[in-house]
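Colleague:
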Amino acid sequence: MTTYRIALIPGDGIGVPMVDAAWTVLERAGARHGFQLSATRFPWSCDFYRETGAMMPADGIETLRPFDAILLGAVGWPAAVPDAVSLHGLLLPIRKAFRQYANIRPHRLLPGVEGPLRKEGFDILCIRENTEGEYSGAGGRVHVGTPDEVAVETAIFTRVGVERILRFGFEQARARRGKLASVTKSNAQKHTMVFWDEMTTAIAADYPDVEVTPYHIDAMAARMVMAPETLDVVVASNLFGDILTDLGAAIQGGLGFAASANINPDRTAPSMFEPVHGSAPDIAHLGIANPIATIWSGAMMLEHLGEQGAAADVMRAVEAATARGIGTRPGQDRTDAIANAVLQALG
Ligand code: GGG
């Protein structure tokens, strides 16, 4: 029997119960489809930071490298650790070290979920560049705390980085409905974003079957609200992709439904799967967070591992649960009730 080694990093706040809930579903899917998931749990989190002074050990990346995949919950507990410290100490180093340059985020309504637009029929796949751009971390501050203080943060766009994410976007569009929206703000950002636009035009020559449309991010934000059904694959830089996918989460009914996959398309290192949402300190101990985003992320993990049948089964079970109205409204059902409904539908 095939066994997949999965690193679990539940992280902070609701990340812990979301990973626990998703894991029961994924294990059950494995049992039904003839494979095993073997979990190794890592306590890396803001609690770990308070105990050790770091979000993960110095050899954390090398510890994760042999795993087949990583399932992560949420990172951040701002009351204890500044967000910029926790994010740059755990999530971002993993994405960068493992060359998980494509962050895939699907946005569609699950059956039974109404969504704020009162509109059905959209199915958007956002592709977020995941290792450079505005998240590069290049910059610094001088004259700190004085009237002359200066803070600089440089967005870095490399030819290799931009080309590979655009090609990934074109490939996804080719495999779906053949439409790619490339998002920039090249009227205002005349170096990096003009470069991105030029690369889009150049690469489009290799994909004559894909209809590519450039958008400015402000226009894309409006389109995602006014006419989401006109969109297929949307590709954007790291920060723009992050913001647009929170909007995507909103139109699909909330962050409780927003799944994501940090993919290393070359498979030279493990990919990582996580819900889009964060640790949600305001509801962390209430037992009402929705595990569907993490379960869906887990289904994306199964698909990446080559277990397409199990992945489809998990999504069928999620959809059967939401079609019955389970977990479709924030706070309506408890975490364990939603997970149990999915388990029941899985059989
Ligand atoms: N689910 C992972 C998590 O905690 N995400 C919150 C977050 O702020 N992530 C940063 C990012 O994806 O840019």
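Residue 30 is where the sequence shown starts when you use the working numbering, and the numbers rise one by one after that.
Each residue gets a CB set at the ideal place from its N, CA and C atoms; glycine is no exception.
No experiment lies behind these values; they were computed from the predicted model shown.
Quick check on the DSSP output: the alpha helix (DSSP H) that includes Thr357 runs from which residue to which?
Modeller: Premise fails: Thr357 is in no alpha helix (DSSP H) and is neither H nor E.
Colleague: Looking only at C-alpha atoms, which of Gly354, Ala349, Met301 and Gly360 sits nearest to Leu100?
Modeller: When only C-alpha atoms are compared, the closest one is Met301.
Colleague: Would you say His333 and Ala322 are within 8 Å of each other, going by their C-beta atoms?
Modeller: For His333 and Ala322, no; Cβs fall outside 8 Å.
Colleague: Is the stretch 228-237 touching the stretch 199-210, taking contact as three or more C-beta pairs under 8 Å?
Modeller: Counting Cβ pairs under 8 Å, three or more are found: they touch.
Colleague: Can you tell me whether Val110 is helix, strand or coil according to DSSP?
Modeller: In this structure, Val110 counts as coil in the three-state DSSP scheme.
Colleague: Going along the chain, which unbroken runs of the beta strand (DSSP E) with 3 or more residues stay wholly within the stretch 238-321?
Modeller: Runs of the beta strand (DSSP E) inside the stretch 238-321: 240-245, 262-265, 288-292 and 300-304.
Colleague: Ends of the beta strand (DSSP E) at Ile35?
Modeller: Per DSSP, Ile35 belongs to the beta strand (DSSP E) from Thr31 to Gly40.
Colleague: Can you give the Cα-Cα distance for Thr297 and Thr69, rounded to whole angstroms?
Modeller: In a straight line, the C-alpha of Thr297 is about 20 Å away from that of Thr69.
Colleague: For Val263 and Ala210, I'd like the C-alpha separation in whole angstroms.
Modeller: Computed Cα separation, rounded: 5 Å.
Colleague: Can you tell which of Glu149, Gly144, Phe151 and Arg188 has its C-alpha closest to the C-alpha of Glu161?
Modeller: Among Glu149, Gly144, Phe151 and Arg188, the Cα nearest to that of Glu161 is on Arg188.
Colleague: Looking only at its own chain, which residues have a Cβ that is under 6 Å from the Cβ of Gly42, when we skip the five neighbours before and after it?
Modeller: The answer, listed in chain order, is Ala103, Ser308, Ala309, Pro310 and Ala313.
Colleague: Using only alpha-carbon positions, find the residue among Ala265, Ala340, Leu284 and Ala231 that is nearest to Asn132.
Modeller: The option with the nearest alpha carbon to Asn132 is Ala265.
Colleague: For a test of the three-state rule: what should DSSP assign to Ala370, helix, strand or coil?
Modeller: Of the three classes helix, strand and coil, the one that applies to Ala370 here is helix, per DSSP.
Colleague: Would you identify the three-state DSSP class for Pro135, choosing helix, strand or coil?
Modeller: Pro135: strand per DSSP, three-state reduction.
Colleague: Considering only DSSP beta bridges, list what Gly169 is partnered with.
Modeller: Bridge partners of Gly169: Val181.
Colleague: Would you call Glu149 buried or exposed, if buried means 16 or more other Cβ atoms sit within 10 Å of its Cβ?
Modeller: That one is exposed.
Colleague: Pairs of beta-carbons, one from the stretch 361-375 and one from the stretch 91-99, closer than 8 Å: are there three or more?
Modeller: Not touching, per the Cβ criterion.
Colleague: For Asp247, count neighbouring Cβ atoms within 10 angstroms of its own Cβ and tell me buried if that reaches 16, exposed if not.
Modeller: So Asp247 counts as exposed.
Colleague: Going by the beta-carbon positions, is the gap between Tyr20 and Gly118 smaller than 8 Å?
Modeller: Beyond the ends of the chain as shown, which are 30 and 376, falls residue 20; an answer cannot be given.
Colleague: Who does Ser115 pair with in a DSSP beta bridge?
Modeller: Answer by DSSP bridge pairing: none, since Ser115 is not bridged.
Colleague: For Arg137, I'd like the list of residues in its chain whose CB is within less than 8 Å of its CB, leaving aside the five on either flank, ordered along the chain.
Modeller: Here the set comprises Phe151, Asp152, Ile153 and Gln281.
Colleague: Ile43 by DSSP, collapsed to three states: which one?
Modeller: The answer is coil: DSSP assigns Ile43 none of H, G, I, E or B.
Colleague: Exposed or buried, what is Asn319 when buried is set at 16 or more other beta-carbons lying within 10 Å of its beta-carbon?
Modeller: Counting Cβ neighbours within 10 Å, Asn319 comes out buried, since at least 16 surround it.
Colleague: Between which residues of its own chain and Gly44 is the CB-CB distance below 6 Å, once the five residues before and five after are set aside?
Modeller: Excluding sequence neighbours, Gly44 sits near Gly102, Ala103 and Ser308.
Colleague: For Thr183, which residues from the same chain have a beta carbon less than 8 Å from its beta carbon, with the 5 sequence-adjacent residues on both sides left out?
Modeller: Result list for Thr183: Ser165, Ala167 and Gly168, in chain order.
Colleague: By the three-class DSSP mapping on this structure, what secondary structure does Ala98 have?
Modeller: Three-state DSSP puts Ala98 in a strand.
Colleague: Is Glu303 near the ligand GGG, going by C-beta to nearest heavy atom under 7 Å?
Modeller: Yes, the ligand GGG has a heavy atom inside 7 Å of this Cβ.
Colleague: Applying the 10 Å Cβ sphere with the 16-neighbour rule, what's the burial state of Glu258?
Modeller: Its Cβ having fewer than 16 others within 10 Å, Glu258 is exposed.
Colleague: Is the CB-CB distance between Ser326 and Ala288 below 8 Å?
Modeller: The answer is yes: Cβ separation under 8 Å.
Colleague: Taking the C-alpha atoms as reference points, what is the distance between Leu195 and Cys155?
Modeller: If you take the alpha carbons of Leu195 and Cys155, they lie about 12 Å apart.
Colleague: Under the three-state reduction of DSSP, which class applies to Glu163: helix, strand or coil?
Modeller: Glu163: strand per DSSP, three-state reduction.
Colleague: Output the distance between the C-alpha atoms of Val241 and Ala256, rounded to the nearest integer angstrom.
Modeller: Using only the alpha carbons, I get a separation of about 17 Å.
Colleague: Just to check my reading of the structure: Gly360 and Ile292 have Cβ atoms closer than 8 Å, yes? What is that Cβ distance to the nearest angstrom?
Modeller: Contact doesn't hold; Cβ gap of about 32 Å is too wide.
Colleague: Measuring alpha carbon to alpha carbon, tell me which of Phe71, Trp73, Gln129 and Gln65 ends up nearest Arg157.
Modeller: Out of Phe71, Trp73, Gln129 and Gln65, Gln129 has the C-alpha closest to the C-alpha of Arg157.
Colleague: With distance defined between alpha-carbon atoms, name the residue in Lys214, Gly285, Ala328 and Gly283 nearest to Ala250.
Modeller: The option with the nearest alpha carbon to Ala250 is Lys214.
Colleague: Are Met253 and Leu268 touching if we call contact CB-CB under 8 Å?
Modeller: No, the pair does not count as a contact, with Cβ atoms beyond the cut-off.
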